[in-house]
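Asks:
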């Protein structure tokens, strides 16, 4: 359903539940899926802002509509489904390896800049309490460890 394809189980449910004689339209949140349903099953589908609002209302009232399940379990199932969908959408592709390497290098550079920024703040702020330590300890990591060990002096 994520790719706008009609799965076997959805097709089976729609054939069983939705009567063709009924002159009602099936509310669909995905326009592409609605087109596939109309082509394959000859069912009239509607996709509009009103349908999106209806779907939002159903999601908000999910706990009241589903009986027999605690809210905690519904939230856990919802989270699990969201994670599964995200994993499915982010399928690993060998073509994307180059992009991942570039992003990793960019992330490393950003982390280095941010870490350097925090170290400079630490030196500046702790320098007000103990200005001599900046001349004694020159290595950034050693400086931060020393500041942590000394702590706030009284």
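Numbering (the numbering used here), first residue to last: 119 to 272. Don't be surprised by glycine CBs; every beta carbon is placed ideally from N, CA and C.
Which class does residue 225 belong to by DSSP, given the choice of helix, strand or coil?
Replies: If you number the chain shown from 1, residue 225 lands on position 107. DSSP places residue 225 in helix when its eight states are reduced to three.
Asks: Under three-state DSSP, which class holds residue 136?
Replies: As a position in the chain shown, residue 136 is number 18, starting the count at 1. Looking at residue 136 - three-state DSSP - the assignment turns out to be coil, as it is neither helix nor strand.
Asks: Since I believe residue 164 is in contact with residue 146 (beta carbons under 8 Å), could you give me their beta-carbon distance rounded to a whole number of angstroms?
Replies: Locating residue 146 in the chain shown gives position 28, where the first residue counts as 1. Locating residue 164 in the chain shown gives position 46, where the first residue counts as 1. Their Cβ separation, rounded to whole angstroms, is 7 Å, which keeps residue 146 and residue 164 in contact under 8 Å.
Asks: Identify every residue that forms a DSSP beta bridge with residue 144.
Replies: Translated into the one-based positions of the chain shown, residue 144 becomes position 26. Paired residue(s): 163.
Asks: Kindly indicate which three-state DSSP category residue 247 falls into: helix, strand or coil?
Replies: Here residue 247 is taken as the residue at index 129 of the chain shown, counted from 1. Note: residue 247 maps to coil in three-state DSSP.
Asks: Taking the alpha helix (DSSP H) that residue 255 falls in, what are its first and last residues?
Replies: Locating residue 255 in the chain shown gives position 137, counting from the first residue. Here residue 255 belongs to no alpha helix (DSSP H), and DSSP marks it neither H nor E.
Asks: If I follow the unbroken alpha helix (DSSP H) through residue 199, where does it start and stop?
Replies: Indexing the chain shown from 1 puts residue 199 at position 81. First-last of the alpha helix (DSSP H) with residue 199: 189–207.
Asks: Applying the 10 Å Cβ sphere with the 16-neighbour rule, what's the burial state of residue 155?
Replies: Here residue 155 corresponds to residue number 37 of the chain shown, with the count starting at 1. Buried: at least 16 other Cβ atoms inside 10 Å.
Asks: How many Å lie between residue 130 and residue 166 at the Cα?
Replies: Within the chain shown, numbered from 1, the residue matching residue 130 stands at position 12. Within the chain shown, numbered from 1, the residue matching residue 166 stands at position 48. Spanning the two alpha carbons is a distance of roughly 25 Å.
Asks: By the three-class DSSP mapping on this structure, what secondary structure does residue 263 have?
Replies: Looking up residue 263 in the chain shown gives position 145. Note: residue 263 maps to helix in three-state DSSP.
Asks: Just mark residue 224 as buried or exposed, buried being the case when its beta carbon has 16 or more other beta carbons within 10 Å.
Replies: Residue mapping note: residue 224 aligns to position 106 of the chain shown, counting from 1. Result: exposed.
Asks: State the start and end residues of the unbroken alpha helix (DSSP H) segment that holds residue 182.
Replies: Here the question's residue 182 lines up with position 64 in the chain shown. Residues 180–183.
Asks: Between the C-alpha atoms of residue 176 and residue 262, what's the straight-line distance to the nearest angstrom?
Replies: Residue 176 sits at position 58 when you count from the first residue of the chain shown. Residue 262 sits at position 144 when you count from the first residue of the chain shown. Their Cα atoms are separated by approximately 52 Å.
Asks: For residue 245 versus residue 251, is the C-beta distance shorter than 9 Å?
Replies: Position 127 of the chain shown, counted from the start, is the residue given in the question as residue 245. Position 133 of the chain shown, counted from the start, is the residue given in the question as residue 251. The answer is yes: Cβ separation under 9 Å.
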